[in-house]
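Protein chains in written order, with this note's numbering: chain A, 30 to 228; chain B, 30 to 228.
Where a beta carbon is used, it is the ideal one built from N, C-alpha and C, also for glycine.
In this text, all values refer to a predicted model and were calculated from it rather than measured experimentally.
Number of protein chains: 2
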Amino acid sequence: MTELPLLSGGAPKERADATRNRLKVLAAAEQLFDARGVATVSMDDVAAAAGVGKGTLYRRFGDKSGLAAALLDERESQLQAAMLTGPPPLGPGAPAGERLTAFVGAYLAFVDAHLDVVAMSQTASSGARLRTGSHRLWRQHIAILLAEAGTPDPDVRAGALLAALTAEQVRHWRHDEDRSLADLTEALVRMARAATGPP
Amino acid sequence: MTELPLLSGGAPKERADATRNRLKVLAAAEQLFDARGVATVSMDDVAAAAGVGKGTLYRRFGDKSGLAAALLDERESQLQAAMLTGPPPLGPGAPAGERLTAFVGAYLAFVDAHLDVVAMSQTASSGARLRTGSHRLWRQHIAILLAEAGTPDPDVRAGALLAALTAEQVRHWRHDEDRSLADLTEALVRMARAATGPP
DNA sequence: GACAGAAACGGACTGCAGTCCGTATTGTCG
DNA sequence: CGACAATACGGACTGCAGTCCGTTTCTGTC
Numbered sequence: 030m031t032e033l034p035l036l037s038g039g040a041p042k043e044r045a046d047a048t049r050n051r052l053k054v055l056a057a058a059e060q061l062f063d064a065r066g067v068a069t070v071s072m073d074d075v076a077a078a079a080g081v082g083k084g085t086l087y088r089r090f091g092d093k094s095g096l097a098a099a100l101l102d103e104r105e106s107q108l109q110a111a112m113l114t115g116p117p118p119l120g121p122g123a124p125a126g127e128r129l130t131a132f133v134g135a136y137l138a139f140v141d142a143h144l145d146v147v148a149m150s151q152t153a154s155s156g157a158r159l160r161t162g163s164h165r166l167w168r169q170h171i172a173i174l175l176a177e178a179g180t181p182d183p184d185v186r187a188g189a190l191l192a193a194l195t196a197e198q199v200r201h202w203r204h205d206e207d208r209s210l211a212d213l214t215e216a217l218v219r220m221a222r223a224a225t226g227p228p
Numbered sequence: 030m031t032e033l034p035l036l037s038g039g040a041p042k043e044r045a046d047a048t049r050n051r052l053k054v055l056a057a058a059e060q061l062f063d064a065r066g067v068a069t070v071s072m073d074d075v076a077a078a079a080g081v082g083k084g085t086l087y088r089r090f091g092d093k094s095g096l097a098a099a100l101l102d103e104r105e106s107q108l109q110a111a112m113l114t115g116p117p118p119l120g121p122g123a124p125a126g127e128r129l130t131a132f133v134g135a136y137l138a139f140v141d142a143h144l145d146v147v148a149m150s151q152t153a154s155s156g157a158r159l160r161t162g163s164h165r166l167w168r169q170h171i172a173i174l175l176a177e178a179g180t181p182d183p184d185v186r187a188g189a190l191l192a193a194l195t196a197e198q199v200r201h202w203r204h205d206e207d208r209s210l211a212d213l214t215e216a217l218v219r220m221a222r223a224a225t226g227p228p
């Protein structure tokens with residue numbers, strides 16, 4: 030994933046045709062992913078369905094994982110807003126431990142609800158997903174909560190916790206091992222709580 | 030990754046030419062990976078260097094991640110033997126907590142020492158790595174130790190712990206965040222200890 | 001040692017991710 | 001409005017992963 034224009038410093042303004050195509054692509058991708066499953070849809074398919082050249086697709090979204098990430102963007106933003114400025118226990122106001130618990134539940138639910146698309150967004154090669162803006166945000170959020178709770182090595186533990194919430198891992202628990210979302214959530218919440226305590 | 034003949038029930042005996050080619054391929058792959066880095070070596074390269082057809086490569090190793098896994102096999106087996114029948118604290122004889130600590134250190138060292146090859150072996154699509162024989166073994170080992178220590182949800186926590194020790198994650202900590210192996214080991218050992226305690 | 005069936009070989013082939021660059025569109029400034 | 005620079009477009013092109021199947025090599029048997 031390369032930098033999206035949206036993210037650079039001074040808003041460079043999106044050209045009209047660019048906007049038009051961005052929307053066409055997102056609509057087509059959502060529709061196709063939904064209808065045929067993320068895995069079996071090729072970038073050519075998306076380009077064709079959107080009535081757009083392949084180059085356009087790649088210039089804007091970088092690669093297939095970037096396209097998936099863009100599709101997730103809106104819902105992801107909702108979760109981010111809830112956690113940064115929403116009501117407790119997810120938002121500020123509750124004790125760190127409870128906020129962490131709420132976050133694990135909410136994030137897990139988010140991943141579970143969009144398993145395939147999240148999985149695709151996490152396939153960026155060479156660990157690019159770990160350098161993603163949104164990943165950084167989740168990690169930092171967890172690290173701050175852990176630090177607040179007096180946990181040692183909050184940064185490492187934040188990364189470790191997120192690693193356990195990877196789409197691939199969640200899919201394994203949910204589908205290969207047939208765990209219910211509720212049980213899995215409870216188990217992971219318990220573990221997060223345990224990991225919050227000092228060694 | 031599909032089943033390797035090696036793993037099936039009754040030994041179906043490997044044909045002489047098959048052995049010959051297997052060794053040629055492994056030698057060529059090791060040499061190429063070593064010289065040019067795993068990422069930039071194509072399967073055609075390996076086939077050509079080994080003096081073998083591409084079909085042979087794929088029939089035997091399934092895909093690129095399978096080839097990487099085969100290369101790791103020997104060292105992986107050493108670690109497995111040490112942990113199953115070797116001297117404490119890695120092997121049996123020490124208390125579960127200490128064995129877990131030793132395992133985290135040893136496994137992390139293993140991943141770190143072969144980062145690129147392990148990373149490649151873990152790229153199997155659709156979470157195939159989680160269904161791998163060796164992954165199952167690591168997971169079961171951890172789960173047993175955790176259960177022995179009275180930890181709740183030992184299976185989930187074992188999976189979570191291994192998720193944190195993924196090559197991609199370790200590479201991020203080691204290279205992107207420049208952590209020393211020693212510090213990282215300590216932090217993860219502390220976390221494993223914390224996660225061993227009840228909620 | 002020669003035969004038959006089984007097992008393995010190898011390289012042409014397919015389909016897709018991702019790149020490149022000549023062309024078209026847009027926004028701006030005089 | 002007209003023309004210029006910046007930006008975006010699109011589809012041909014490249015290279016690689018993974019498949020397929022006609023051909024070759026092996027091995028157990030007589």
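In this chain, the alpha helix (DSSP H) harbouring glycine 188 of chain B covers 183-193. The Cβ of proline 183 of chain B sits no closer than 7 Å to any Cβ of chain A. In this structure serine 150 of chain B is in contact with alanine 98 of chain B, their Cβ atoms being roughly 4 Å apart against a cut-off of 8 Å.
Put simply, the CB of glutamate 105 of chain B is far from chain A, with every gap to its CB atoms at 7 Å or more.
Not a single C-beta of chain A is nearer than 7 Å to the C-beta of leucine 166 of chain B. With a 10 Å radius around the Cβ and a threshold of 16 neighbouring Cβ atoms, aspartate 182 of chain B comes out buried.
Here alanine 178 of chain B carries a coil assignment [DSSP, helix/strand/coil]. Residues of the stretch 84-96 of chain A with a C-beta atom less than 7 Å from some C-beta of chain B do not occur. Look at the stretch 35-104 of chain A and you find these whole runs of alpha helix (DSSP H), each 4 residues long or longer: 45-65, 72-79, 83-90. With a threshold of 7 Å between beta carbons, alanine 216 of chain A makes contact with chain B. By the neighbour-count criterion, in which 16 or more other beta carbons inside 10 Å mark a residue as buried, leucine 52 of chain B falls on the exposed side. A direct Cα-Cα distance of roughly 16 Å separates leucine 190 of chain A from valine 133 of chain B. When the five nearest sequence neighbours on each side are left out, the beta carbons in the same chain lying within less than 8 Å of the beta carbon of leucine 119 of chain A are those of Ala111, Met112, Arg128, Ala131, Phe132, Ala135, in order along the chain. DSSP lists B:Pro121 as the beta-bridge partner residues of alanine 123 of chain B.
Glutamate 103 of chain A is classed as exposed because its beta carbon has fewer than 16 other beta carbons within 10 Å across all chains shown. Chain order gives the chain A residues near threonine 195 of chain B as Ala192, where near means a beta carbon separation below 7 Å.
Each residue's CA atom was taken as its position, placing arginine 203 of chain B and serine 209 of chain B some 6 Å apart.
Fewer than three beta-carbon pairs drawn from the stretch 85-95 of chain B and the stretch 139-146 of chain B are found closer than 8 Å, and the two stretches are therefore not classed as touching. Taking 7 Å as the cut-off, the beta carbon of alanine 221 of chain B is found no closer than this to the beta carbon of valine 185 of chain A.
When rounded, the separation of the alpha-carbon atoms in glutamine 198 of chain B and serine 163 of chain B is 19 Å. Of the residues assessed, alanine 211 of chain A falls on the exposed side of the cut-off, its CB having fewer than 16 other CB atoms within 10 angstroms. Pairwise C-beta distances place the stretch 72-79 of chain B in contact with the stretch 40-60 of chain B, as three or more of them are shorter than 8 Å.
A residue is called buried once 16 or more other Cβ atoms fall within 10 Å of its Cβ, and glycine 95 of chain B is buried on that count. Under the Cβ distance rule, methionine 149 of chain B does not count among the residues neighbouring chain A, no pair being separated by less than 7 Å.
Here the alpha carbon of arginine 168 of chain A sits roughly 6 Å from the alpha carbon of alanine 187 of chain A. Neighbours of aspartate 205 of chain A in chain B, taken as residues at a C-beta separation under 8 Å, are given in chain order as Gly156, Leu159, Arg160.
Contact annotation for alanine 224 of chain A against chain B: Met220, Ala223, Ala224 [CB-CB distance below 8 Å, chain order]. For alanine 125 of chain A, the CB contacts under 7 Å within the same chain, skipping 5 residues up- and downstream, are Leu174, Glu177, Ala178 in chain order. Shown here, threonine 225 of chain B sits in a helix according to DSSP, grouped into three states.
Counting other Cβ atoms within 10 Å of its Cβ, glycine 156 of chain A reaches 16 or more and is therefore classed as buried. In this structure, the alpha-carbon of alanine 47 of chain A lies about 14 Å from that of lysine 83 of chain A. For a cut-off of 8 Å, the C-beta gap from alanine 223 of chain B to alanine 172 of chain A is around 15 Å, too long to register as a contact. Judged by beta-carbon spacing, valine 67 of chain A lies within the 7 Å limit of valine 146 of chain A, meaning their Cβ atoms are closer than that value. At least one C-beta of chain A is nearer than 7 Å to the C-beta of arginine 186 of chain B.
For leucine 137 of chain A against threonine 214 of chain A, the beta-carbon gap comes to about 6 Å, under 8 Å, which counts as contact.
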